[in-house]
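Chains A and B, in that order, are what the protein sequence lines are.
If you're matching positions, the first sequence starts at 1 in the numbering used here and goes up one per residue.
If you're matching positions, the second sequence starts at 292 in the numbering used here and goes up one per residue.
We put the CB at the ideal spot given by N, CA and C, even for glycine.
Comments concern the structure below.
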Amino acid sequence: MIKQATPGAGQSRRPIGRSKRVLPGFGLSLGISLFFISLILLLPLTGLIVETSGMTWDQFWFVITDPRVVESYKVTLWTAAAASLFNGAFGLLLAWVLVRYEFIGKRVIDAVVDLPFALPTAVAGITLATLFAETGWYGQLLAKAGIEVAFTPIGIVVAMAFTSIPFVVRTVQPVLEEIAPEDEEAAMSLGASDGRVFRKVLFPALWPAMVTGVALSFTRSLGEFGAIIFIAGNTPYVSEVTSLMIFVRLQEYDYAAASAIASVVLAVSLLLLFVINIWQGRYLKRLEGRS
Amino acid sequence: MSIVVDGISKYFGNFQALRDISLEFPEGKLTALLGPSGSGKTTLLRIIAGLESAERGRILFDGSDVSGLHVRDRDIGFVFQHYALFRHLTVGQNIAFGLESLPRSERPSKAEIRARVAELLDMIQLPQLADRFPSQLSGGQKQRVALARALATKPKILLLDEPFGALDAKVRKDLRRWLRALHDEFHFTSIFVTHDQEEALELSDQVVVMSQGRIEQVDEPTDLYARPESRFVFDFLGHVNVLSGSVQAGVLKQGPASVRLPRIQTTGDAQLYLRPHEVRLVAKPVSGADLPFRIEAVSLIGSGVRVELRPEGWESNDLWEVGMSHGEFARHRPARGDRWYVIPDVGHLFTEDSRKPQTVYWEPPEFLETAGSGI
């Protein structure tokens, strides 16, 4: 279960200098990869741009700043933020339990973590809506406490958190596995309390992976649709998410408007991934002493 | 602070890593735990530190039982083979870590911590590196920082787990000397684990040789080398030449090879252990010692010349080695492929039923007639 780190294993495979590559098929495999990336990523991107290019700048601005759409941005952003922060805390806990302890059923839990990826989001949405509805198992209990989840923005948070938790667990887990036990032992031999060991030794090592996981979880939540629409209630100005707005425009056969809103979501997601990558690169560079 | 290990046993599953170990580490001394991998030396060190717990036995610091104490409460400094520096903290922050971990009532002020860190950086001779990150340091520098970090809170006990194991030979030698000087200055009780016999003998006041979870011998370095008490210690400490054969009428024989054993009464199968510096090369066999060899290799590097010999017409499980000075070598020039003979000065005889050896001396007049022709 525990993977042994093999330092330098990757380097030894790299050819030295300008000699012929040892691994065959470089041209072919790179070609296929590029072709596929174009097909699944660049082609739809181009479609989006082509679709919106029929609009004037004013029209584009008008569509993406429509008050109802702007409200949906707000709802989407804060619910996605809440969901990904929740996942940051809970995902870390889950990864910690899976890496640090041996218990019966560990492998089952490890497999279940991926369930949100495997489950169709619509199924997740219906299930969550049923559970959290006022008559549902959880909804009943929460209603007694005066908390409404289904058909409110909180429902959106629940759906987003559910569908994106694997991102945090799966990015933190390998990093946690690689932390040398000596680091913790060293800290303890220097008199540090358990809390201090976690704050000063473990957390700084986990931090970059956690930020990445939370950011991935956040971007995924920005675009989540299937799981949300069943539980959100979709009340205009209250619980409409941006992806729903795209869907609404499509139903009105206003493809240009739909593409315009979609391009906003896309831009935000790409920007975020980009920023995270740069930040993480710098952070790791400093740790590895290449600065 | 003296350390007493009292009847420690440790299991990993069904494997017994330590078998009823009892030992005493005198206050202010530097002790080496020496043994091959799997001998239990690191486990013993970790139990003393409190990083591992034993199934049976007690650990006493200055007479008080610390077996139940957590590592953080034992007030020890621990140095790891792979440094275990906190890589996201600077050198200065690493060194300050122990001081900042003290409970608030005992913690020095920020200014005092800064002063102490500066003092330690001076001690490890790296005052300009306070703001570097560990990844920007060489291995030797990292280990010095690790030492400074362990010593920051002034522990009375310093434990080192193969502290020089990951360093190259030159750095290792420097650091070894430096650690010895540091120890002589501060007089903490130190224990270090090593599998390098040279390191153990050079650095320590007392050596504990371990094998398969047991203690083989505890002695000062000079005594340990001069009087190993078992075959294991002989084999483990430096090179040893072995002649196995049977003793009859005071002569140990194997095929054409034979050597007379003065003042030895035993008979039967026996092995004679001889250190490279306890034998000499001669051009012809002498009466009382006929050990023919073919020269296999000559190594000139170092303060002496080392000649490797292959037994001719008889068997030994390893090549023999003979040491001589460069001057002697220049006079006789034994070359590869030549046939030479060995005569012993001092040897150690193990018989089948004894664990400890009998020492054999071939004093003059045993080989008096050959003294002139020997190297």
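If we cut at 7 Å on Cβ distances, does residue i have a partner in chain A?
i, result
"Leu360(B)", "no"
"Arg435(B)", "no"
"Gly389(B)", "yes"
"Ser328(B)", "no"
"Arg518(B)", "no"
"Leu342(B)", "yes"
"Phe369(B)", "yes"
"Arg363(B)", "yes"
"Gly345(B)", "Gly is not the amino acid found at residue 345(B); the sequence shown has Ala there. For Ala345(B), the answer is no, since every Cβ of chain A falls outside 7 Å of its Cβ."
"His617(B)", "no"
"Phe377(B)", "yes"
"Ser676(B)", "As displayed, chain B neither begins before 292 nor continues past 666, which places residue 676(B) out of reach and without an answer."
Spatial neighbours of residue i within its chain, please: CB distance less than 8 Å, with the 5 preceding and 5 following residues excluded, ordered by chain position.
i, result
"Arg595(B)", "The residue asked about is misnamed: residue 595(B) is Gly in this sequence, not Arg. Gly614, Met615, Ser616 and His617, listed in sequence order."
"Gly281(A)", "none"
"Arg597(B)", "Pro567, Val589, Ser590, Glu612, Val613 and Gly614"
"Asp110(A)", "Leu98"
"Arg627(B)", "Ile586, Glu587, Ala588 and Val589"
"Thr163(A)", "Pro116, Thr121, Ala124, Arg220, Ser221, Glu224 and Ala227"
Please work out which residues of its chain come closer than 6 Å, Cβ to Cβ, to residue i, disregarding the five sequence neighbours upstream and downstream, and give them in chain order.
i, result
"Asp297(B)", "Ser313, Gly348 and Arg349"
"Leu534(B)", "Leu563"
"Ala5(A)", "With a pLDDT of 46 at Ala5(A), under the threshold of 50, the predicted position of this residue should be treated as unreliable, and no value is reported."
"Leu342(B)", "Val362"
"Ala133(A)", "Gly139 and Ala150"
"Val408(B)", "Gly383, Ile386 and Ala387"
"Tyr283(A)", "Pro208"
Are the beta-carbon atoms of residue i and residue j separated by less than 7 Å?
i, j, result
"Val370(B)", "Leu451(B)", "yes"
"Ala260(A)", "Ile64(A)", "yes"
"Ile506(B)", "Ala580(B)", "no"
"Ala129(A)", "Ile231(A)", "yes"
"Ile448(B)", "Ile386(B)", "no"
"Gly331(B)", "Ala345(B)", "no"
"Ala443(B)", "Leu393(B)", "no"
"Leu591(B)", "Arg601(B)", "no"
"Arg363(B)", "Val357(B)", "no"
"Asp114(A)", "Pro166(A)", "yes"
"Phe584(B)", "Glu599(B)", "no"
"Asp388(B)", "Leu206(A)", "With the sequence shown as reference, residue 388(B) is identified as Phe, and Asp is not the correct amino acid for it. No; because the gap between Cβ atoms is not below 7 Å, this pair is not in contact."
"Ser293(B)", "Pro317(B)", "yes"
"Gln488(B)", "Leu528(B)", "yes"
"Leu376(B)", "Pro425(B)", "yes"
"Asp413(B)", "Thr381(B)", "no"
When the cut-off is 7 Å and only beta carbons count, does residue i lie next to chain B?
i, result
"Asp194(A)", "no"
"Gly302(A)", "Because chain A is modelled from 1 through 291, residue 302(A) falls outside the range shown and cannot be assessed."
"Met210(A)", "no"
"Gln280(A)", "no"
"Leu284(A)", "no"
"Met295(A)", "What the structure shows of chain A is the stretch from 1 to 291, and residue 295(A) is not part of that stretch, so it cannot be assessed."
"Asp297(A)", "Since the displayed chain A opens at 1 and closes at 291, residue 297(A) lies outside it and no answer follows."
"Leu206(A)", "no"
"Leu190(A)", "yes"
"Val201(A)", "yes"
"Ala186(A)", "yes"
Distance cutoff 7 Å, beta carbons only. Does residue i sit that close to anything in chain E?
i, result
"Val158(A)", "Among the chains of the structure shown, chain E does not appear; the protein chains present are A and B."
Report all residues from its chain with a CB closer than 7 Å to the CB of residue i; omit the five preceding and five following residues, and keep chain order.
i, result
"Phe26(A)", "none"
"Glu51(A)", "Tyr255, Ala256 and Ser259"
"Thr334(B)", "Lys301, Ala308, Leu309 and Glu343"
"Asp560(B)", "Ser537 and Glu643"
Q) Just checking, does the region 101-121 of chain A make contact with the region 198-216 of chain A on the three C-beta pairs under 8 Å criterion? A) With the cut-off at 8 Å, the region 101-121 of chain A and the region 198-216 of chain A do not touch.
Q) Can you list the beta strand (DSSP E) stretches of 3 or more residues lying completely in the region 523-594 of chain B, in chain order? A) Qualifying beta strand (DSSP E) stretches, in chain order: 532-539, 542-545, 548-551, 559-565, 570-573 and 583-590.
Q: Report yes or no: do the region 499-513 of chain B and the region 537-553 of chain B share at least 3 C-beta pairs separated by less than 8 Å?
A: A contact between stretches requires three or more CB pairs, one per stretch, nearer than 8 Å, and the region 499-513 of chain B fails this requirement with the region 537-553 of chain B.
Q: Give a yes or no on contact between the region 61-79 of chain A and the region 233-243 of chain A, applying the rule of three or more CB pairs nearer than 8 Å.
A: Short answer: they touch.
Q) Is it a yes or a no for the region 176-184 of chain A touching the region 132-139 of chain A, going by three-plus beta-carbon pairs under 8 Å? A) Segments in contact, no.
Q) Are at least three pairs of beta-carbons, each pair with one atom in the region 472-480 of chain B and one in the region 298-313 of chain B, less than 8 Å apart? A) Because the criterion of three Cβ pairs below 8 Å is not met, the region 472-480 of chain B and the region 298-313 of chain B do not touch.
Q. Can we say the region 555-574 of chain B touches the region 631-645 of chain B, given the rule of at least three CB pairs closer than 8 Å?
A. Contact between the region 555-574 of chain B and the region 631-645 of chain B is present, because at least three Cβ pairs lie under 8 Å.
Q: Jot down the residue ranges of each uninterrupted alpha helix (DSSP H) in the region 26-107 of chain A, minimum 4 residues, whole runs only, in chain order.
A: Runs of the alpha helix (DSSP H) inside the region 26-107 of chain A: 26-37, 43-53, 57-64 and 67-100.
Q | Any 3 or more C-beta pairs closer than 8 Å across the region 249-263 of chain A and the region 56-75 of chain A | A | The region 249-263 of chain A, when compared against the region 56-75 of chain A, does touch it at the 8 Å Cβ threshold.
Q. Hey, is the region 321-330 of chain B in contact with the region 474-494 of chain B, meaning 3+ C-beta pairs nearer than 8 Å?
A. Yes, they touch.
Q: Please list the segments of the beta strand (DSSP E) lying wholly inside the region 353-391 of chain B, counting only runs of 3 or more residues, in order along the chain.
A: Every beta strand (DSSP E) of 3 residues or more that sits fully in the region 353-391 of chain B is shown, in chain order, as 367-370.
Q: Would you list, in sequence order, the uninterrupted beta strand (DSSP E) runs of no fewer than 3 residues that lie entirely inside the region 306-362 of chain B?
A: Unbroken beta strand (DSSP E) runs of no fewer than 3 residues, entirely contained in the region 306-362 of chain B, are found at 306-316, 321-325 and 347-352, following chain order.
Q: Spell out a yes or no on whether the region 95-109 of chain A and the region 164-173 of chain A are touching, meaning 3 or more CB-CB pairs, one atom from each, closer than 8 Å.
A: Touching, per the Cβ criterion.
Q | Three CB pairs or more closer than 8 Å across the region 455-466 of chain B and the region 427-437 of chain B | A | Short answer: they touch.
Q) At what residue ranges does the region 114-158 of chain A contain a whole run of the alpha helix (DSSP H), taking only runs of 4 or more? A) Every alpha helix (DSSP H) of 4 residues or more that sits fully in the region 114-158 of chain A is shown, in chain order, as 115-118, 121-132 and 137-144.
Q.
Contact between the region 209-224 of chain A and the region 255-273 of chain A is defined here as three or more beta-carbon pairs at a separation below 8 Å; is this criterion met?
A. Yes: at least three Cβ pairs fall under 8 Å.
Q | Continuous alpha helix (DSSP H) assignments of at least 4 residues falling wholly in the region 177-251 of chain A | A | Correct list: 181-189, 194-197, 203-223, 226-232 and 242-251.
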